[in-house]
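Working notes for the structure below.
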Amino acid sequence: MRSEGKKNSGSTFDGSRGTRNPFGVMDVPTPDDEEVSAFAAGVKLEGTASDENAEAWGTESDGDRNDTIEGRWSSRWNGGADPTIPGDSKGKWKSGRGELTTAGERVYLLFDWHDGVRKGLIDARRVSAKGLVGKYINLTDPQIVRPWVGLVVSNQRIDGKWPGGRLDFRR
27 MRSEGKKNSG STFDGSRGTR NPFGVMDVPT PDDEEVSAFA AGVKLEGTAS DENAEAWGTE
87 SDGDRNDTIE GRWSSRWNGG ADPTIPGDSK GKWKSGRGEL TTAGERVYLL FDWHDGVRKG
147 LIDARRVSAK GLVGKYINLT DPQIVRPWVG LVVSNQRIDG KWPGGRLDFR R
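Using the working numbering, read the sequence shown as starting at 27 and increasing by one per residue.
The structure is reproduced here in structure tokens:
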């Protein structure tokens, strides 16, 4: 799931692509708005061993990267039914791949599911050493935009929540 073009390492706007995000895809609208703040105020992620994201499930090959959160990840989400997936329900996990890159205090996660057919982008701000707060956009259906809160438990695990359920990443 490598993006095309150069990584945006410094600024939050890349004029050559016309986007804030380093992947050159549609930007998440207003990733730091009041809806995000209100949602984040009610979310508590603790990164415990009993969390549903604690057990290893990822398949992406950057699992040996202990020095950074950047790179390839496995992604999964639940809490909503994807009408393009036959037999899907809110409780079922939708799995895929992801790629994480940073630009200043911003963290960008481009991810997919349904065998790469569906794609999303998270644009989050670091609010602490391990805390991420932002929003995601469904790039396949851009009317779907939701707040997201993440906790970087380690360079192998990011626990995440959106209003409908979970949106997690593992290596």
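Backbone N, C-alpha and C fix where the C-beta goes; we use that ideal spot for every residue, glycine too.
As DSSP reads the structure, residue 165 sits in no beta bridge. In the three-state scheme derived from DSSP, where H, G and I count as helix and E and B as strand, residue 125 is classed as strand. According to the DSSP secondary-structure assignment, residue 180 is paired through a beta bridge with 183. Straight through space, the alpha carbons of residue 64 and residue 197 are spaced by roughly 30 Å. Remark: C-beta atoms of residue 185 and residue 79 approach each other more closely than 8 Å. Here residue 83 is exposed: its Cβ has fewer than 16 other Cβ atoms, across all protein chains shown, within 10 Å. Between residue 162 and residue 193, the C-beta spacing is below 8 Å. In this structure, residue 175 sits near residue 66, with a CB-CB distance shorter than 8 Å.
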